[in-house]
Amino acid sequence: MKFLTELSRALTTAGIAVMSIESILKKICQAYGFKAEEVISLPTFLIIKIANSDSKALEVTLQKPGVLPLDQVSRLYELINQAENADRSYAVGS
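Residue numbers (UniProt numbering): 1 to 94.
Now the structure itself:
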């Protein structure tokens, strides 16, 4: 869960549209076998509710828009691509 919230913060800082952020987070959850029951990303806060067959987790966190240098945005999308394809090991539920 921490990975998802930090990723959302980075995407918000980069100025990515909230609908895109929600879609990215849902794809990552699906790649790791979790169901994103709720993903609400707004410029000032994020709500994520995920579940698998054993448990559910809910995270509500504040975030703030900002500016991210272009090279960091590029690296952020590389990370997203890896995560959407389950190419990295993350504890999504933690």
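We treat Cβ as the ideally placed atom computed from N, Cα and C, and that holds for glycine.
Beta-bridge analysis with DSSP links K56 to A51. Only residues of its own chain outside the window of five on either side were considered, and among them I21, L25, S41, L46 and Q63 have a CB closer than 7 Å to the CB of S8, listed in chain order. According to the DSSP assignment, K35 belongs to no alpha helix (DSSP H) but to the beta strand (DSSP E) extending over K35 to S41.
With respect to the 8 Å criterion, L4 and I48 are classified as neighbours on the basis of their beta carbons. Residue pairing from DSSP places L62 in a beta bridge opposite F45. One alpha carbon belongs to A57, the other to V39, and they sit about 12 Å apart.
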